[in-house]
Amino acid sequence: MQARLRFLGAARNVTGSRHLLEVDGTRILVDCGLYQERQFASRNWDPFDVPPASLDAVLLTHAHLDHCGLLPKLVKEGFQGKIYCTAATAEIAHIILLDAAKIQEEDAAYKRKRHKKEGRVSPREIVPLYTVADAQACGPLFVPVPYGQSVSISPHLHATFSEAGHVLGSSFINVTVQQDGQTRDVLFSGDIGRAHRPLIRDPEAVRDGDYILVESTYGDRLHDDRTDIKTRIAEVINATRAAGGHVIVPSFALERSQELLYHISELIREGTIPRLMVFLDSPMASAITRVFRRHTELFDEAARQRLQIKDCPFDFPGLKFTETTTESKAINTMKGTAVIIAGSGMCTAGRIKHHLANHISHPQNTIMFVGYQAIGTLGRRIVDGDPEVRILGANYPVKARVVQIPGFSAHADRDELLHWLSSLPKPPRRVFVVHGEAERAQHFGRYLRDRTGWDILVPDYGEEVILN
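Counting in this note's numbering, the sequence shown runs from 971 upward without gaps.
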C-alpha cells in the first residue's frame, strides 16, 4: 500500500488548514481554510497546488473560516466534487462563507473608494478574493454525514466523522485506506475541544489511527483552569459600567459568541450583573445561533436540561440581535453601558473594526478578548500592548482598557491533547503535528516524542510524505 499526504496549509502556522491525501488516483482534500495571519494572507490568492477539478471530494472537519474559508475559491476554479461534513457544519459553513464573501466584496469596494479619495493608484485591480455568488455555488455540493456513519469516497477510501467537541458539528475524521489487501487509518484531528465546556458535548475517544494529523494550537501550554470565566466577565462588565463605558468584545460568530451569551444570561439570572443592553452585532452570529436552536440534539446534558425548563441562554432581557448596518451604527449613539459583541474574533474584518475605531481611544471603555489571537492579526497587536494600531486606514492610540480572559479556549491544551491521543488502542506509525505556530508545534512534537516514543514529524508547508 502506498498513499501520499501533502501539507498544503496549517503547517508550522495556525490557519489555512488544507491537507491532500492521494491514493491510487483518488484525491481528497481535508479542509480548505482561509489564511488569517497577515504574513501568510498572500497565500489565499495563490493558485491551488493541484487543479481543483482533479479533486474527488473535500472532507470538512468544521465550519471555522480557517478550515472552510477557501471553498468558494476552490469551486470557482473548477472543483465539482462533494463536500462531506456533518449537517450542523454544512448549515454553519453556508452562513460563514456567505458572510465572508460579503466582507470580501465590501472590503474591496471600501479600499477602492479610499484609494480614489487619497489619489492613490493601485498596481493591480482591487477585487474580492471571491464573491457572494461564488459562495452560493458551494451550497449544492455539501453532503451531510451523521456522526459514526462511514461514507465511501471511492472503493478504497472510506471516511467516518466523530465528535470533536470543538464547536457545534465539529468532527475529527478517520479515513480508512484499503489497498493491495492492506488497511490503514489516517486520522485528521481538525480542532479538538475540551471536556466540560458549556453547550456542546465532550470530544469522543480516538479508536483507530495508523497515521495521525494532530492540531497544536495550544501544544506548548496548559489552560489556566483557575480562572472563573463568569466571575471575570462580571468584573469587566461591572467595572466598565462604573466607568461609564462600553465593553467591546471581538468574538468569533461560531461557538464563542453563543458561549458568551450563555455566561451573560447566567450572570443576569443570578443578579451578579445588572440588566443591560447586550448587542450581538453580527448577522452571521445571529444566523448561527438559530442553527444552535435547530440542533439541540448536539447539546450537552446541562444545556438540554436548561431547555427543558424553558431557560434558553439565547433569550434574556436586554439582548438584541442587530442585522442591518443602520442598526449597527445606531449602537454608537446610545447612552449607558452596553456589551457589544461583534466579529471577527481576531479583528481582521467585519463590524468589530468600526466599533474598535469608535471606542479604542477612550479610557472608559474596555476591549475584552475571549479568544485566541494569531500572530500578525490586529487583535494580537492590541493584546500585545501596541500603543497605536491601524484600523480602516487610520491610526488610533490604544487608551481603552484591554482585557484577555483565559479559559474560553475551545482548543484542547498540551495535556488534553495527549490524553485524547492516549486512548489509541495501539501506537500509531507516525504522528504529524499541524495547525500551530511553528515554535508551539515543535514544542508539542518534542513533548509527544518524549512522553510516548512515537515517530513525530512537524511538517513544512508543502511537504509531501509517503504513507506505507
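We treat Cβ as the ideally placed atom computed from N, Cα and C, and that holds for glycine.
Can you tell me whether residue 1355 is buried or exposed, with buried defined as 16 or more other CB within 10 angstroms of its CB? Classification for residue 1355: exposed.
For residue 1382, which option in 1140, 1193, 1249 has the closest C-alpha, if you only look at C-alpha atoms? 1193
Starting from residue 1155 and walking both ways along the beta strand (DSSP E), at which residues does that stretch end? Looking at the DSSP string, the run of the beta strand (DSSP E) that includes residue 1155 is 1152-1158.
Please find out if some non-hydrogen atom of the ligand GDP comes closer than 7 Å to the beta-carbon of residue 1061. In the structure on display, the ligand GDP does not appear, and there are no ligands present to speak of.
What's the gap between the Cα of residue 992 and the Cα of residue 1278? 47 Å
Measuring only the C-alpha atoms, how far is residue 1405 from residue 1430? 11 Å
Go through its chain and collect everything with a Cβ distance to residue 1288's Cβ below 6 Å, but skip five positions before and after it. For residue 1288, where only same-chain residues beyond five positions count, the Cβ hits under 6 Å are 1245, 1246, 1247, 1248.
Residue from 1255, 1211, 1179 with nearest C-alpha to residue 1395: 1179
Roughly how many angstroms separate the alpha carbons of residue 1362 and residue 1088, rounded to a whole number? 13 Å
As a quick exercise: from 997, 1367, 1116, pick the residue whose alpha carbon is nearest that of residue 1125. The residue with the shortest Cα to Cα distance from residue 1125 is 997.
Between residue 1346 and residue 1008, which are expected to be in contact by the criterion C-beta below 8 Å, what is the C-beta distance as a whole number of angstroms? That belief holds up - the Cβ atoms of residue 1346 and residue 1008 are roughly 4 Å apart, short of 8 Å.
Continuous alpha helix (DSSP H) assignments of at least 4 residues falling wholly in the region 1260-1310: 1271-1278, 1295-1300
If we call anything under 8 Å between Cβ atoms a contact, is residue 1209 one with residue 1242? no
The alpha helix (DSSP H) with residue 1090 in it runs from where to where? Where residue 1090 is concerned, there is no enclosing alpha helix (DSSP H), given that its DSSP letter is neither H nor E.
Taking only runs of the alpha helix (DSSP H) that begin and end inside the region 1178-1248, which ones reach a length of at least 4 residues, in chain order? Considered as a whole, the region 1178-1248 harbours 1199-1213, 1226-1240 as its complete alpha helix (DSSP H) runs of no fewer than 4 residues, in chain order.
Assess contact between the region 1044-1058 and the region 1074-1084, defined as three or more Cβ pairs (one per stretch) separated by less than 8 Å. Is contact present? no
On the three-state DSSP scale, how would you describe residue 1369? coil
Burial state of residue 1304 (16 or more Cβ within 10 Å): exposed
Taking residue 1163 as the reference, which of 1157, 1136, 1184 has the closest Cα? 1136
Let me know if residue 1150 comes out buried or exposed under the rule of 16 or more other beta-carbons within 10 Å of its beta-carbon. exposed
With DSSP as the reference, label residue 1018 as helix, strand or coil. coil
Secondary structure at residue 1324, three-state DSSP: helix, strand or coil? Look at residue 1324 here: in three-state DSSP terms it is helix.
Closest residue to residue 935 among 985, 1337, 1365 (Cα-Cα distance): Because residue 935 is not part of the residues shown, which for the chain are 971 to 1438, the question remains open.
Residue range of the beta strand (DSSP E) that residue 1352 falls in? For residue 1352, there is no enclosing beta strand (DSSP E); the residue is part of the alpha helix (DSSP H) that begins and ends at 1348-1353.
Taking residue 1042 as part of the alpha helix (DSSP H), name the residues at either end of that continuous run. 1041-1046
By DSSP's criteria, residue 1148 is part of a beta bridge. Which residues make up the other side? 1153
Suppose only complete runs of 3+ residues qualify. What are the beta strand (DSSP E) ranges in the region 1054-1122, listed by chain order? Runs of the beta strand (DSSP E) inside the region 1054-1122: 1112-1114.
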